[in-house]
Amino acid sequence: MHEIKCPHCGKAFNIDEAGYADILKQVRDEAFDKDLHDRLELAEQEKKNAVELAETKVAGELKEAAAQKDLEIERLREELKSSSALVQAKVTGEMKDEVAKKDAEIERLKSQLENADTARKLALNEAVGEVEKERDELKQNYEIELRERDGEIERLRDHKARLSTKMVGETLEQHCEIEFNKIRAGAFPNAEFGKDNDASTGTKGDFIFRESDESGTEFVSIMFEMKNELDEGENKKRNEDFFKKLDSDRTKKGCEYAVLVTLLEPENELYNTGIIDVSHLYPRMYVVRPQFFIPILTLIRNEALKTSEVKSELALVKAQNIDITNFEEEMESFKSGFQRNFGIASDQFDKAIDQIDKSIANLSKTKEWLLKSANQMRLANDKAQDLSIKKLTRGNPTMTEKFKEAAEGKALAEIETPPDTEASPD
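Positions in the sequence shown are counted from 1; adding 4 to them yields my numbering.
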């Protein structure tokens, strides 16, 4: 953003890069056109002054020649009064020759005047052509620079938008699927994890996780819903807006647990703290950020696996006619085991939070680099504003000489033709 101060009222206001570039372009084009217009007027005035000077000179010479001719004719008339016819004929022939010479001189002066006018027109056209060429080149370079700067701004904006998702080049669903596949072989060799493509019940979730024990008995199932803030456009929604549908999908697809993996409400501290249990609203439902996708999956699966083991042991105990006391002991053992595993999971959450802090530090460095890049763009913009005709003609002897001649011609015209001594024609 750029701050602009009004020269009339003194009020300051901010404009974005596109508006600033548009104002800068208008100011430069107007200044360049004004300078070109002033130089063309100066050249036209110099041409007009030269033509008037030549006409005045020719008129003076013609006037002087006519006066001389009149005097000569008058003298000859006096001589003719006392001369013979032969003398008269000779004088008449000489006068005709003299008149022919004067006419030839007049034609020569007219030709010189026309040649001078033609030369000035050619010089003016050449100067205008050079100026237009320089202006076109300047305009092309400026447009190229603007396109490059606009491209850089767009690239930075796109980079910033991608960084804001913490998953460069991926959607949230792709991110979760990739994270699961990284550990599938080692952690979940017998599990099924894939898109919910069954819309026969009217709606469907995003992913379903199911796992069975060695006997083929399913012991855990989870319905996952992924929500990315960028996917929601301008209509910002809350996480709670999706709880009811998620619970309905979980029930219809026969899943035990429901998990919402979300980037919505990025400023909400509740959802930024870790794994959020919302079972007070809907049974067995949790809300997590993407970085807790694997931890919540592992926690639910491991606890369900232990429950499955307890159920198998209970069946064995009943088969062996073990009394209720042993059953209560097993239940207490299960509770203590669950508590211990929950403590381990909490430690894992703390480690995950440490990793998040490190990621935030890396993003801060990236932000610093972006700010440095913006400063470089500001310096480039200052150089563009400092651009002028004199700097463009530096190192260009042709244009430098043209502007020098124009300045000297203007000064000479002011000296030779004072404002109050304008020549008047006969």
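Idealized CB from N, CA, C, for every residue including glycine.
I need the straight-line Cα distance from residue i to residue j, nearest angstrom please.
{"i": "S337", "j": "S316", "result": "15 Å"}
{"i": "E138", "j": "D386", "result": "21 Å"}
{"i": "T205", "j": "K256", "result": "7 Å"}
{"i": "M230", "j": "D210", "result": "7 Å"}
{"i": "E83", "j": "E76", "result": "10 Å"}
{"i": "D154", "j": "A378", "result": "12 Å"}
{"i": "I304", "j": "F346", "result": "10 Å"}
{"i": "D361", "j": "A16", "result": "39 Å"}
{"i": "D245", "j": "A35", "result": "57 Å"}
{"i": "D140", "j": "E273", "result": "56 Å"}
{"i": "S363", "j": "Q178", "result": "20 Å"}
{"i": "N366", "j": "S340", "result": "40 Å"}
{"i": "D39", "j": "Q380", "result": "30 Å"}
{"i": "N3", "j": "D26", "result": "Residue coverage of the chain in this structure runs from 5 to 430, which leaves residue 3 outside it and unanswerable."}
{"i": "A384", "j": "K199", "result": "50 Å"}
{"i": "E50", "j": "D37", "result": "20 Å"}
{"i": "L309", "j": "G190", "result": "16 Å"}
{"i": "E412", "j": "E130", "result": "18 Å"}
{"i": "R151", "j": "Q30", "result": "16 Å"}
{"i": "Q144", "j": "S368", "result": "38 Å"}
{"i": "A63", "j": "E78", "result": "22 Å"}
{"i": "R382", "j": "I148", "result": "17 Å"}
{"i": "G97", "j": "I110", "result": "20 Å"}
{"i": "F184", "j": "I348", "result": "21 Å"}
{"i": "E334", "j": "H284", "result": "28 Å"}
{"i": "E332", "j": "T221", "result": "25 Å"}
{"i": "K100", "j": "F407", "result": "49 Å"}
{"i": "N18", "j": "F247", "result": "42 Å"}
{"i": "L142", "j": "K376", "result": "28 Å"}
{"i": "T302", "j": "Y24", "result": "52 Å"}
{"i": "A71", "j": "A108", "result": "17 Å"}
{"i": "G14", "j": "E372", "result": "33 Å"}
{"i": "H41", "j": "L80", "result": "58 Å"}
Mind reading off the beta-carbon distance from residue i to residue j? Whole number of angstroms is fine, and I expect it under 8 Å.
{"i": "D251", "j": "M289", "result": "6 Å"}
{"i": "P436", "j": "E233", "result": "The chain is shown only over 5 to 430; residue 436 falls outside these bounds and no answer can be derived."}
{"i": "A47", "j": "L126", "result": "Incorrect: roughly 12 Å between the Cβ atoms, too far for contact."}
{"i": "E443", "j": "F342", "result": "In the structure as shown, the chain begins at 5 and stops at 430. Residue 443 is therefore absent and cannot be evaluated."}
{"i": "E45", "j": "I157", "result": "Contact doesn't hold; Cβ gap of about 39 Å is too wide."}
{"i": "P294", "j": "L176", "result": "6 Å"}
{"i": "I187", "j": "I298", "result": "7 Å"}
{"i": "R43", "j": "A410", "result": "7 Å"}
{"i": "E65", "j": "L28", "result": "Rounded, the Cβ-Cβ distance is 56 Å, inconsistent with contact."}
{"i": "V282", "j": "V291", "result": "6 Å"}
Below 7 Å CB to CB, which residues in the same chain sit around residue i once its five sequence neighbours on both sides are set aside?
{"i": "F296", "result": "G278, I279 and A356"}
{"i": "K241", "result": "L268"}
{"i": "D121", "result": "V55"}
{"i": "D351", "result": "none"}
{"i": "N243", "result": "L264, T266, L268, E269, Y275 and V291"}
{"i": "K249", "result": "T207"}
Which residues in the same chain as residue i place their Cβ atom closer than 8 Å to its Cβ, once the five residues preceding and following it in sequence are excluded?
{"i": "K106", "result": "A69 and K73"}
{"i": "C180", "result": "F211, F228, M230, V265, P294 and F297"}
{"i": "D202", "result": "K208 and K257"}
{"i": "V103", "result": "K73"}
{"i": "E359", "result": "At residue 359 the sequence reads Gln, which differs from the Glu that was named. Correct list, in chain order: Q295."}
Between residue i and chain B, is the shortest Cβ-Cβ distance under 9 Å, so that the two count as touching?
{"i": "A127", "result": "Annotation note: the requested chain B is absent from the structure, which comprises a single protein chain."}
By Cβ distance below 6 Å, which residues in the same chain neighbour residue i in space, the five residues on each side in sequence not counted?
{"i": "D235", "result": "Note that D235 has pLDDT 47, beneath the 50 cutoff, so the model's placement of it is unreliable and the number below is only indicative. Excluding residues within five positions, none has a Cβ falling inside 6 Å."}
{"i": "T311", "result": "none"}
Checklist entry - Is it true that the stretch 224-232 meets the stretch 251-263, where meeting means three or more beta-carbon pairs spaced less than 8 Å apart? => result Touching, yes.
Next on the checklist: Between the stretch 398-411 and the stretch 133-153, can you find at least three pairs of beta-carbon atoms closer than 8 Å?
Outcome noted: At 8 Å Cβ cutoff, the stretches touch.
Checklist entry - Should the stretch 208-222 be regarded as contacting the stretch 190-199, the criterion being three or more beta carbon pairs within less than 8 Å? => result Cβ pair count under 8 Å is three or more, so yes.
Checklist entry - Which residue spans inside the stretch 229-260 form an unbroken beta strand (DSSP E) run of at least 3? => result Correct list: empty.
Next on the checklist: Measuring CB atoms only, is the stretch 109-126 touching the stretch 41-59, in the sense that at least three cross pairs come out at less than 8 Å?
Outcome noted: Yes: at least three Cβ pairs fall under 8 Å.
Checklist entry - Taking only runs of the alpha helix (DSSP H) that begin and end inside the stretch 296-382, which ones reach a length of at least 4 residues, in chain order? => result Runs of the alpha helix (DSSP H) inside the stretch 296-382: 297-323.
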